[in-house]
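Residue numbers (my numbering): 96 to 411.
The structure is reproduced here in structure tokens:
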């Protein structure tokens, strides 16, 4: 019996090793598919442009001294963020996330990763002496997203946003050489607002996959079932759920702006995502919190101009 269990265990481990090797091979092939002229910097920029276009625009407006590093960080974040959507087996997702944990640990041991995104991440770490803690925190939080619905409350959603968005903001501040408690507080609130809004924006897509990532306590409060969200209902109860969640995001934006007297011009590039947050919340209000409204799915063609104007106004 012991030998049989050992056989099953070894077979189990071998299977996941093969899955990881297959994924790494596919990732490497994907990185060279566009030709040998695409270097790691270009690859990271293109990855961010395809997976996170709005923050791609924000990053283009960062100071030149940190722009390449910022794209490396955002590409790394894109890699771990899409793990949930690239597999239906949470165990495979865990294997991929553990791979990135190994990459981060190896970077801090002075080793250069094989994948282009890892190489750019390593260069950013070396150039700006980035904190390992925030990188591992980004990965750790993604393990939570592999669950069916990780949010039992808005507080859970805020905590997840703090770990997945604010942590990236802290790293970007480190790229700028900024260590300031007020900047950290602003980053925390903006990250929570952006993270909450990201979940709201994802409701139609996740619903089409029969997934719901909304706080259970708010659903219960307004007597809304997960099936109602999956079916795309737009009755008043569903709108009340969305209103409560959107209000939490709005409150974090307000708290961030209450600290504006402590923020210097050098810190502002990291906070450009407030434009994205405010635009979505305004649109959501105009459609009476109907989260499935087609207008909310349209790309804002004026966003590049709005972001550029924000940099000239020197505010967030």
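Where is the CB? At the ideal position from N, CA and C, for every residue including glycine. Remember, predicted model here, so these are calculated numbers, not experimental data.
Closest by C-alpha distance to residue i, when choosing among the options
| i | options | result |
| --- | --- | --- |
| residue 197 | 167, 170, 231 and 222 | 231 |
| residue 194 | 210, 260 and 205 | 210 |
| residue 390 | 365, 299 and 219 | 299 |
| residue 410 | 376, 365 and 383 | 365 |
| residue 248 | 273, 268 and 291 | 291 |
| residue 303 | 408, 166, 144 and 387 | 387 |
| residue 252 | 341, 220 and 204 | 341 |
| residue 350 | 286, 320 and 405 | 286 |
| residue 403 | 186, 160, 154 and 146 | 154 |
| residue 203 | 283, 146, 220 and 168 | 220 |
| residue 213 | 136, 190, 264 and 182 | 136 |
For residue i, the three-state DSSP class (helix, strand or coil)
| i | result |
| --- | --- |
| residue 158 | coil |
| residue 150 | helix |
| residue 403 | helix |
| residue 409 | coil |
| residue 182 | coil |
| residue 272 | coil |
| residue 364 | helix |
| residue 204 | coil |
| residue 199 | helix |
| residue 248 | coil |
| residue 167 | helix |
Residue i Cβ short of 7 Å to the ligand SAH heavy atom set
| i | result |
| --- | --- |
| residue 266 | The ligand SAH is not part of the structure shown, which contains no ligands of any sort. |
Same chain only: Cβ atoms within 8 Å of residue i, ignoring 5 sequence neighbours per side
| i | result |
| --- | --- |
| residue 398 | 149, 152, 370, 371 and 374 |
| residue 121 | Model confidence at residue 121 stands at a pLDDT of 49, short of 50, so the residue's coordinates are unreliable and nothing is read from them. |
| residue 305 | 325 |
| residue 199 | 216, 227, 230, 231 and 234 |
| residue 183 | none |
Supposed close pair residue i, residue j - CB separation, criterion 8 Å
| i | j | result |
| --- | --- | --- |
| residue 228 | residue 164 | Not quite, the Cβ-Cβ distance comes to about 17 Å (not below 8 Å), so this is no contact. |
| residue 344 | residue 309 | About 13 Å; that fails the 8 Å criterion. |
| residue 237 | residue 288 | Not really, about 20 Å apart at Cβ, beyond 8 Å. |
7 Å CB neighbourhood of residue i in its chain, flanking five on each side removed
| i | result |
| --- | --- |
| residue 395 | 374 |
| residue 329 | 385 and 387 |
| residue 269 | 223, 225 and 226 |
| residue 140 | 166 |
| residue 317 | 332, 335 and 336 |
I'd like the ranges of any alpha helix (DSSP H) spanning at least 4 consecutive residues and lying wholly in the stretch 288-322.
298-303 and 311-316
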